[in-house]
Amino acid sequence: MANRKRVSISEKNIPNPATYDSLFKNEGSTQRIENADKKEERESSKDVQKKLHRFEDIKAYYLNFDRKKQISTYMPRALQIKLKSKAAAENMTLSQFLLNLILSQGLTDQEIKEAYQYEIDHPEINK
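Going by the working numbering, the sequence shown opens with residue 794, and the numbers climb by one from there.
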């Protein structure tokens with residue numbers, strides 16, 4: 794038997810404000826998504842616009858770089874312990890210490906500039 798007192802969902806007056814999250818797209822959520830997409834485009838265009846030319850600025854850019862990728866290095870355990878203790882003595886993480894070491898002694902100024910130029914020309918490598 795069907796329940797005759799039950800009201801059909803199509804007959805109910807259910808408010809559907811744009812602030813509600815639901816499985817169905819409404820104008821508010823679509824607009825928020827579009828605004829987020831536009832914001833990402835603006836940020837990516839800002840990255841392209843702020844091309845650095847001085848070596849000191851490029852080095853500072855890499856020291857403060859926040860989109861890092863993880864790599865694995867293999868070395869004797871005794872060297873790892875020494876590197877970690879030296880990094881801790883300078884109040885740095887091992888990653889920060891190695892990055893600073895590479896930028897100051899491992900690569901030449903020209904190689905660092907070439908890496909930066911490659912990054913500007915190919916922004917997809919940091920995604």
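In this text, a Cβ means the ideal position worked out from N, Cα and C, and glycines have one as well.
Item	Value
If distances are taken between C-alpha atoms only, which option among 875, 886, 874, 843 comes closest to residue 856?	886
Taking C-alpha atoms, which residue in 894, 867, 868, 866 lies nearest to residue 879?	894
Relative to the C-alpha of residue 850, which residue among 798, 877, 906, 874 is closest?	906
Can you have a look at residue 911 and say buried or exposed, based on whether 16 or more other CB atoms are within 10 angstroms of its CB?	exposed
In its own chain, which residues sit with a C-beta less than 8 Å from the C-beta of residue 854, not counting the 5 before and 5 after it?	845, 909
Apart from the five residues on each side of it in sequence, which residues of its chain come closer than 6 Å, Cβ to Cβ, to residue 805?	none
Pop quiz: residue 876 and residue 890 are said to be a contact at Cβ under 8 Å. What is the actual Cβ separation, rounded to whole angstroms?	7 Å
Quick check on the DSSP output: the alpha helix (DSSP H) that includes residue 873 runs from which residue to which?	870-882
Are the beta-carbon atoms belonging to residue 896 and residue 852 less than 8 Å from one another?	yes
Using a C-beta cutoff of 8 Å, does residue 866 count as contacting chain B?	Although the question refers to chain B, the structure presented lacks it and comprises just one protein chain.
Am I right that residue 902 and residue 848 are in contact with their C-beta atoms under 8 Å? What's the rounded C-beta distance?	5 Å
Enumerate in chain order the residues of its own chain whose CB-to-CB distance from residue 869 is below 8 Å, with the five nearest sequence positions on each side excluded.	none
Would you give the residue range spanned by the alpha helix (DSSP H) that residue 888 belongs to?	887-894
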